[in-house]
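If you're matching them up, the sequences are chains A and B in order. Quick note on numbering: my numbering labels position 134 of the first sequence as 134, and the sequence is numbered without any gaps. Quick note on numbering: my numbering labels position 384 of the second sequence as 580, and the sequence is numbered without any gaps. The structure under discussion appears below in the form of structure tokens.
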Amino acid sequence: MNPAEQAGLRERIAQAQSGNADAWGELYRLHAPAIFRFCRRAMPTREDAEDATMDIFIKVRQKLSQYDVNRPFSAWLYTVAANHCWDLLRRRKVRQDLETGEVENMPLEHPDPGQLEQLIEKHTSQQVRRALDHLPARSRMALVLRYYSEMSYDEIAGTLGVRRTFVGVVLLRARHQLREILEGRGAANAAAGGPA
Amino acid sequence: MIHFDEMACLLYLEGQLEDSRARELAAHVAECAPCRYLLHALERESKLLSGALTEEDEAIPARLLGVQTQGWPSWVWSLAFAAFAAASYWVWNDGIGPWLDQLNNAGFGGTNLMSMMLFSGAFWEGWGDLVDILQIVALLAVVILALGLVRRRLRRPAAVALVLPALLIALALPPQAGAAEVRRGRAVLVPAGETIHNDLIATGPSVRIDGTVEGDLIVFTRELTVTGHVTGDVIAFAGQALIDGTVDGNARVFSQHATLQGSIGKNVTAFANSITVTPMGNVGGGMLAFAGEADLEGKIRRDLMGRIGRSDLDGLIGGQVWIRGLTLDVASTAEIDGPATFQGNQQPSVAAGAKLASPIRTEITQEVGRSRRSETRKVIHEIIGYGAALLAGILLLTVFPGFYRSTLRETGAIGLPLGVGALAFISGIFVFVLGVLLLFIGVTAGVAGALLYAPILYLAQVFVGAWLGNKILGVTSTQTGAVIGRMALGLLILHVARLIPVLGGLTWLVVLLWGTGAVLMGFYRMSRVENVPLPA
Ligand SMILES: [Zn+2]
């Protein structure tokens, strides 16, 4: 985003903060697709994603006055979105009981780089997306936060409620689970916390 | 050589390794092929992941773009409100209003008991006042309901700012409100010679009015005796009610035994086990009665209508007579000046000497014939009801898809919405009785509440139907057609079930409680969005 656009965005945010409906509409139009896509990646169904997107923007609008203009707007949006979605998922207790605790101690197999390269070569991004659907909620959310929203480890730790030093473990564990699903061995295993 | 593990490589790639360790790793990788390959593979994996996640593989749904691009609140909504409100006002003003006036002028001219009960001023004196208030309340109710539904599209303060004054206006409308004098006690007595220049609300085991009430008299008691003068209406919930004095207005009596011995200026509405109008009794207007027995020896100047098990007519009926019940006995002293109709399962007995304007038109309700005819009517009624409900459901689904879905989700909990619905029903009755009948402050508010409750009650079936459809055909995707199909199937089953005697009625009681509970919870969930704590 160039400086002129940046300034335009800031102005629109300021207008929306003071209650200008048109400015808000423009902000919404600008960011709704990204937030919807985020929800689509994070939530189990398209329907959930639609509902979540609407709810997120309702929240955003209510909290707009609290937005600090020195922070990047889209980063703030993603934080609100991530918290909302993670909250929903947690409330539904998606596979939660199975994935806490033991993960930390589970040793991960050292991968063979050649096999990994092959696996990457063989699979399309669509197949990866489908595999993501089979991941446990936290693994999936971690990958989305990192590789879709490009959140920092600190932000991810804050959203998922884990220690910062543990974020890398969650991400690596998620990658392992994803590889297993792509290899066709053990969506169920991955879902249940994964084998060694 | 000591290799770096996958974790370290990942953290390095992500720029999360501290400087010294990152330098170490970089130096090692320059020397070590396996670690270099691993780093490369991980990097490719990262790219695959970001690519897969950020790829714009599907369009953003029109629903999301459509709703909010026009800004909040959009002119479309405002226009829709205005149109809806105007239409509602018009219907009241030109449709129902004049019809109500007509009824008023004619005393008890209509034949629809239900509408007469509801609209003939059962709980309020002035006809015109009631119609005016109803019109305004209807308008307010529509606006409030609409606001409630689109609340999530409005900013909260705006909605509150709109709704609050509306409610205040509604509450402030009847200026007489709240001015009534209230008396409680073991035996409430207004002695002869005392005059209360106000409405009087009296509660206690026994209430006796020997003096004068210049206003309405509202009574809850076991035993009511009025020998004095009430210039307004008498509204009585009493075990035994004896009105021996003069009432200038209407008498509305809910009682075990009601005896009218004095003079009622206007109309009488009575729900009673037995009603007696003694030879001294005189009703200036008409009488609407729901009673097990009625012994009418006095004078009723206008029409008599009622569902009365056993009727004895000994006195004068100045207008027409329409009675549905078991038996009708017309004594020789009786006089009926208008046409008379009796629906019962045996011929009325008319004594020689009774003065009738025309012979009593009798409809013997033969069980078989009646049931067949009413079956057909019931089926037609059910088909129309089904169509209307389906239409309402589709409208709701297209206009408020979010609300529809969240309410449907609540419906699935079964027990909870059922409980909420039952609670709302009971507390609704309680509030209505307490607020409207007892305190009399909130006739308007009460009617507004009822008007709000009615659509919720109506929509109840939509959600239970949709839930049923989902149970049968499986929960569907976002395909609107499929969603409507499930709703249509569920509603069809419900409406067919209603044709079953007894069981159908019970089923619908459950459906209504369950559905209203779900709708209320749907509202609640939507209003709860704000309560989530601020994200960091
Ligand atoms: Zn090495």
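All C-beta atoms in this analysis are idealised placements derived from N, C-alpha and C, irrespective of residue type, glycine included.
{"Query": "Tell me, please, whether the CB atom of B/S216 is closer than 8 Å to any CB atom in chain A?", "Result": "no"}
{"Query": "What is the residue span of the alpha helix (DSSP H) that A/R201 lies within?", "Result": "Nothing about residue 201 of chain A can be read from this structure; chain A reaches only from 1 to 196."}
{"Query": "Kindly list, in the order they appear in chain A, the residues whose Cβ is closer than 9 Å to that of B/G598.", "Result": "E50, D51, M54 and D55"}
{"Query": "For a minimum of 3 consecutive residues, which ranges assigned as the beta strand (DSSP E) are wholly contained in the stretch 203-228 of chain B?", "Result": "none"}
{"Query": "B/F599 lies in the alpha helix (DSSP H); which residues open and close that run?", "Result": "P597 to T607"}
{"Query": "Which residues count as close to ligand 1 when the rule is a CB under 5 Å from any of its heavy atoms, in chain order?", "Result": "B/H199, B/C228 and B/C231"}
{"Query": "Can the beta-carbon of B/D533 be found closer than 8 Å to that of B/A553?", "Result": "yes"}
{"Query": "CA-CA distance, B/A354 and B/V715?", "Result": "Because the pLDDT of B/A354 is 48, which lies under 50, any placement of that residue in the model is unreliable, and the number read from its coordinates should be weighed accordingly. Those two C-alpha atoms are separated by around 23 Å."}
{"Query": "Going residue by residue through the stretch 490-545 of chain B, where are the continuous beta strand (DSSP E) segments of at least 3 residues, counting only ones entirely within it?", "Result": "500-509, 517-526 and 536-540"}
{"Query": "So which residues on chain A does B/G247 lean against when the C-beta distance must stay under 7 Å?", "Result": "S125"}
{"Query": "Could you tell me the distance, in whole angstroms, from the CA atom of A/A42 to the CA atom of B/L238?", "Result": "22 Å"}
{"Query": "For a quick check, are the C-beta atoms of B/V403 and B/T391 less than 8 Å apart?", "Result": "no"}
{"Query": "Within 10 angstroms of its Cβ, does B/A229 collect 16 or more other Cβ (buried), or is it exposed?", "Result": "exposed"}
{"Query": "Just verifying my parser: in three-state terms, what is the DSSP assignment at B/Q243?", "Result": "Reading off the sequence shown, one finds Lys at residue 243 of chain B, where the question assumed Gln. In this structure, B/K243 counts as helix in the three-state DSSP scheme."}
{"Query": "Hey, B/G428 and B/G445: beta-carbon distance below 8 Å or not?", "Result": "yes"}
{"Query": "Looking at B/V422 and B/D440, is the spacing between their C-beta atoms short of 8 Å?", "Result": "yes"}
{"Query": "Compare the C-alpha of B/W518 against each of B/M483, B/P651, B/V707 and B/I680 and name the closest.", "Result": "B/M483"}
{"Query": "What is the rounded straight-line gap between the Cα of A/R92 and the Cα of B/L655?", "Result": "27 Å"}
{"Query": "Could you check what DSSP says for A/S149 in three-state terms: helix, strand or coil?", "Result": "coil"}
{"Query": "Quick one: is B/R557 buried, meaning 16 or more other Cβ sit within 10 Å of its Cβ, or exposed?", "Result": "exposed"}
{"Query": "Let's test the definition: count the other Cβ atoms within 10 Å of the Cβ of B/L669 and tell me whether it reaches 16, buried, or not, exposed.", "Result": "exposed"}
{"Query": "Give me whichever residues DSSP pairs with B/K667 in a beta bridge.", "Result": "Partner(s): none; B/K667 has no beta bridge."}
{"Query": "If I follow the unbroken alpha helix (DSSP H) through A/T53, where does it start and stop?", "Result": "R46 to K63"}
{"Query": "Less than 8 Å between CB atoms is the rule here; does B/L206 satisfy it with respect to chain A?", "Result": "yes"}
{"Query": "Excluding sequence positions up to five away, which residues of its chain have a Cβ less than 8 Å from the Cβ of B/A548?", "Result": "S528"}
{"Query": "Give the interface partners of B/R259 over in chain A, defined as CB-CB distance under 7 Å, in chain order.", "Result": "E50"}
{"Query": "Starting from A/F73, follow the alpha helix (DSSP H) in both directions and report where the run begins and ends.", "Result": "F73 to R92"}
{"Query": "Looking at the strands, I want to know which residues DSSP matches up with B/K551.", "Result": "B/E531"}
{"Query": "Among all the DSSP beta bridges, which residues are the ones paired with B/A447?", "Result": "B/V430 and B/V464"}
{"Query": "Residues of chain A with CB under 8 Å from B/P230, in chain order?", "Result": "P113"}
{"Query": "Taking the alpha helix (DSSP H) that A/V128 belongs to, which residues open and close that run?", "Result": "S125 to L132"}
{"Query": "When the Cα atoms are used, what is the spatial distance from B/A204 to B/L213?", "Result": "7 Å"}
{"Query": "So, helix, strand or coil for B/P697, using DSSP?", "Result": "coil"}
{"Query": "With a threshold of 8 Å between beta carbons, is A/G161 in contact with chain B?", "Result": "no"}
{"Query": "Is B/Q657 close to chain A? Criterion is C-beta to C-beta, closer than 8 Å.", "Result": "no"}
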